[in-house]
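Colleague: Residue numbers (the UniProt record's numbering), protein chains in the order written: chain G, 1 to 246; chain F, 1 to 141; chain U, 1 to 328. Idealized CB from N, CA, C, for every residue including glycine. Got a structure for you, questions after.
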């Protein structure tokens, strides 16, 4: 009985895809008048049609898929951008401020002592901060240039799709069930992916723990420098603040 | 008449099956597209956000430091400088730099950069320093 | 007397170079010129002719593009492609370099002194307009940097009596700035020219602006009092007169005649018809000197005290002094 249902479905879909109205009409006539007889007489045709149906349905699903990808992308791109914008901004806020602070110290010391060379302690620290900052920025840039494989190119996704479609057609019956099962599988993958990506992106910006240690170390050296130069304690409060900014 | 309505049902079945297959593909594609868009957007957003924050944070750190250095000076010149520094800090704190879709972001950034240049001029910051700043702060949006 | 432009004298001002700009001192007794030879020359009258009184050298490393006299006539500001603006102080019959204003990223294109003499504006290829404040001790401090243009800013000019600044740019627009809460802001953008706006000037009352452009037209803009925003509208376009880029324009504050400097080597004088609707002024060509120079005419300037006395300068390195006579 299930088989019959399957065949029937296949006929209907095929008919629709042929989109020849007159042909459709005649087939419908045959079906409604002769009933099951059709299957006996045209068994070979049916298996042929079944295969055609599979490929046409694949195309149907694929067309829907492509449109869906476009629509999904369009709907989420801005949300993602906004989210990433904040994340990226948070990653460079502390080191950016620190660079501003030490640059100001450098300018100040140059103006205070125009004749002598800038103190090495300041220039070195500034260099290291600049280096730290470019490491952070490079990490973000690398993540942009080499996106994680889970979301690479359309063609790859299309191949995935083929596999999934093959599975669902193998399952045969109850396409709705199978398909929604696929969707659920997809959902699960989607949920996993951000975690994966986060891991890989934080990995590429350098080891997270040592990185924050690195910044803390730079902050401490900056505070030492402020005391050394005899500048107001208030400035160190601002530097201290950066620890919480991370 | 009965046969006629039966045909209609069959047609409905055909149409529905087709729509269903398309719809299934669409739903699946939408899921994946959403995920991809989210991730792509997130990476691009992170890049832009980091770049912009680098620049703005630099201005903030720079200004706050000069403010600390000049805070107890009472001469006219220092007071004018303090005023310009405070106005730069206010600009940073009062404009929403965390919203990439803000219609005034570009304008705000232009004003901020202009103010920073004014502050540098007032502080007699030499040109080579500004070259250094410019090279590392060449954010275009 | 016959109507027309009559050549009084030609001066080889910046030989083997370009003469970019000429500026009359407020008293009208001195004419300053600058050019590609990095030099500034001061010209004065001796008997019937104009002679070089001073040469200001070593102030700039590159072309001196424009000059501005302070309203008191004791200071001269020079804008140079070396990214600096030099302030020169007149001492007896000599000039000494007082200070150098730095800050622009690249070529400074123009400098202008506000009518009060307390403010100075500069503009640059770096797209910004700067306003500097001058204190009693001759110290200059930048009070604002405005980035309202998207391209090279070619010219800045102050309103004749108010603290209102106008700028012209390669982005085809004109911006008008006013001070607000200690900061200068662009309060109006005048759009209409279809190519670079090279120069602009106010009329004597400051109610209208004349602008000239690479689009070969001259436009007259009129101020319409608005609520808060400044509102300027183009009320007249002079087209069909100029064969090439119009590089400079000057509105005589004594006679109301408009003079233009054009890339077709011609100097033109336009007269405003008297009996017209103020919202639809009509200008007609009163005189022209074709082949006024052998190359592009870069600048044109009416003497502020002597009606009809006109100076022009050119890529050929020369200054021409003209006498304009109106017909009866």
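Counting only C-beta atoms, is residue 221 of chain G closer than 8 Å to chain F at any point?
Modeller: No, because no Cβ of chain F sits closer than 8 Å to the Cβ of residue 221 of chain G.
Colleague: Name the two residues that bound the continuous alpha helix (DSSP H) containing residue 202 of chain U.
Modeller: Residue 202 of chain U -> not in any alpha helix (DSSP H); beta strand (DSSP E) instead, spanning 197-202.
Colleague: Please report the straight-line C-alpha distance between residue 15 of chain F and residue 23 of chain F, rounded to a whole angstrom.
Modeller: Rounded to whole angstroms, residue 15 of chain F to residue 23 of chain F spans 12 Å at the Cα level.
Colleague: What three-state label does DSSP hand residue 9 of chain U in the structure shown?
Modeller: Reduced to three states, the DSSP call for residue 9 of chain U is strand.
Colleague: Please state the DSSP three-state secondary structure of residue 38 of chain U.
Modeller: Coil.
Colleague: Comparing alpha-carbon positions, which option in U:250, U:315, U:159, U:325 lies nearest residue 11 of chain U?
Modeller: With distances taken between Cα atoms, residue 11 of chain U lies closest to U:315.
Colleague: Counting only the same chain and skipping the five closest in sequence on each side, list residues whose C-beta sits under 6 Å from that of residue 27 of chain U.
Modeller: The answer, listed in chain order, is 73.
Colleague: How is the beta strand (DSSP E) around residue 224 of chain U delimited, first residue to last?
Modeller: That run of the beta strand (DSSP E) goes 218-224.
Colleague: Using the Cβ count rule (16 or more neighbours within 10 Å means buried), how would you classify residue 100 of chain F?
Modeller: Its Cβ being crowded by 16 or more others within 10 Å, residue 100 of chain F is buried.
Colleague: Taking Cβ-Cβ distances shorter than 8 Å, what residues in chain G pair up with residue 50 of chain F?
Modeller: Within chain G, the residues near residue 50 of chain F are 88, 89, 91, 92, 136, 137, 140.
Colleague: According to DSSP, is residue 224 of chain G helix, strand or coil?
Modeller: Correct three-state label for residue 224 of chain G: helix.
Colleague: Which partner residues of residue 208 of chain U appear in the DSSP bridge assignment?
Modeller: Beta-bridge pairing links residue 208 of chain U to U:222.
Colleague: In this structure, how does DSSP classify residue 70 of chain F when only helix, strand and coil are distinguished?
Modeller: The answer is helix: DSSP assigns residue 70 of chain F an H, G or I state.
Colleague: List in chain order: all unbroken alpha helix (DSSP H) runs of 4+ residues lying wholly within the UniProt repeat "WD" (101-142) of chain U.
Modeller: Listed in chain order, nothing qualifies, since the UniProt repeat "WD" (101-142) of chain U has no complete alpha helix (DSSP H) run of 4 or more residues.
Colleague: Going along chain F in order, which residues have a C-beta closer than 7 Å to the C-beta of residue 235 of chain G?
Modeller: Neighbours of residue 235 of chain G on chain F, chain order: 65, 68.
Colleague: Of all the CB atoms in chain F, is at least one closer than 8 Å to the CB of residue 103 of chain U?
Modeller: With 8 Å as the cut-off, residue 103 of chain U counts as an interface residue toward chain F.
Colleague: Assuming the contact rule is C-beta atoms closer than 8 Å, residue 301 of chain U and residue 24 of chain U should be a hit. Round their C-beta distance to whole Å, please.
Modeller: Yes, they are in contact, since the Cβ atoms of residue 301 of chain U and residue 24 of chain U sit about 6 Å apart, within 8 Å.
Colleague: For residue 177 of chain U, report the span of its alpha helix (DSSP H) as first-last.
Modeller: Careful: residue 177 of chain U lies outside any alpha helix (DSSP H), inside the beta strand (DSSP E) at 174-180.
Colleague: For residue 33 of chain G, which residues in the same chain have their Cβ closer than 8 Å to its Cβ, ignoring the five residues on either side in sequence?
Modeller: Unreliable placement is indicated for residue 33 of chain G, whose pLDDT of 48 sits below 50; the coordinate value is still reported in the next sentence. Excluding residues within five positions, none has a Cβ falling inside 8 Å.
Colleague: Is the shortest distance between the beta-carbon of residue 78 of chain G and the beta-carbons of chain F less than 8 Å?
Modeller: It does: the Cβ of residue 78 of chain G has a partner Cβ on chain F nearer than 8 Å.
Colleague: How many angstroms separate the CA atom of residue 4 of chain U from the CA atom of residue 34 of chain U?
Modeller: Cα to Cα, the separation comes out at about 27 Å.
Colleague: Could you pull out every residue in the same chain whose Cβ sits closer than 8 Å to the Cβ of residue 146 of chain G, ignoring the five residues on either side in sequence?
Modeller: Taken in chain order, the list of residues that qualify is empty.
Colleague: Can you pull the chain U residues whose beta carbon is under 8 Å from the beta carbon of residue 108 of chain F, in chain order?
Modeller: Per Cβ cutoff of 8 Å: no residues; residue 108 of chain F is ~11 Å from chain U at best.
Colleague: According to DSSP, which residues form a beta bridge with residue 75 of chain U?
Modeller: Beta-bridge pairing links residue 75 of chain U to U:89.
Colleague: Check each candidate in U:102, U:311, U:77 and name the one with the smallest Cα separation from residue 120 of chain U.
Modeller: Comparing Cα-Cα distances from residue 120 of chain U to each of U:102, U:311, U:77, the minimum goes to U:77.
Colleague: Tell me whether residue 48 of chain G sits in a helix, a strand or coil according to DSSP, three-state version.
Modeller: Three-state DSSP puts residue 48 of chain G in a helix.
Colleague: Does the beta-carbon distance from residue 264 of chain G to residue 49 of chain F come in below 8 Å?
Modeller: In this structure chain G extends from 1 to 246, so residue 264 of chain G is not present and cannot be described.
Colleague: Beta carbon of residue 118 of chain F, beta carbon of residue 84 of chain F: below 8 Å?
Modeller: Yes. Within cutoff.
Colleague: For residue 235 of chain G, which three-state DSSP category applies?
Modeller: Of the three classes helix, strand and coil, the one that applies to residue 235 of chain G here is helix, per DSSP.
Colleague: When we look at the beta-carbon of residue 162 of chain G and count the other beta-carbons within 10 Å, is it buried (16 or more) or exposed?
Modeller: In this prediction, residue 162 of chain G scores a pLDDT of 43, lower than 50, which makes its location untrustworthy; no coordinate-derived value is stated.
Colleague: Can you tell me whether residue 13 of chain U is buried or exposed, with buried defined as 16 or more other CB within 10 angstroms of its CB?
Modeller: Buried.
Colleague: At a CB-CB cut-off below 7 Å, which residues of chain U make contact with residue 121 of chain F?
Modeller: 103, 142, listed in chain order.
Colleague: For residue 175 of chain U, which residues from the same chain have a beta carbon less than 6 Å from its beta carbon, with the 5 sequence-adjacent residues on both sides left out?
Modeller: Closer than 6 Å at Cβ, skipping near neighbours: 148, 167, 186, 189.
Colleague: By Cβ distance below 7 Å, which residues in the same chain neighbour residue 81 of chain U in space, the five residues on each side in sequence not counted?
Modeller: So the qualifying residues of the chain are 62, 63, 65, 107.
Colleague: Is residue 46 of chain F close to chain U, meaning its C-beta is less than 8 Å from at least one C-beta of that chain?
Modeller: It does not: the Cβ of residue 46 of chain F has no partner Cβ on chain U nearer than 8 Å.
Colleague: In three-state DSSP terms, what is residue 32 of chain G?
Modeller: Unreliable placement is indicated for residue 32 of chain G, whose pLDDT of 47 sits below 50; the coordinate value is still reported in the next sentence. In the structure shown, residue 32 of chain G sits in a helix (DSSP, three-state: H, G or I).
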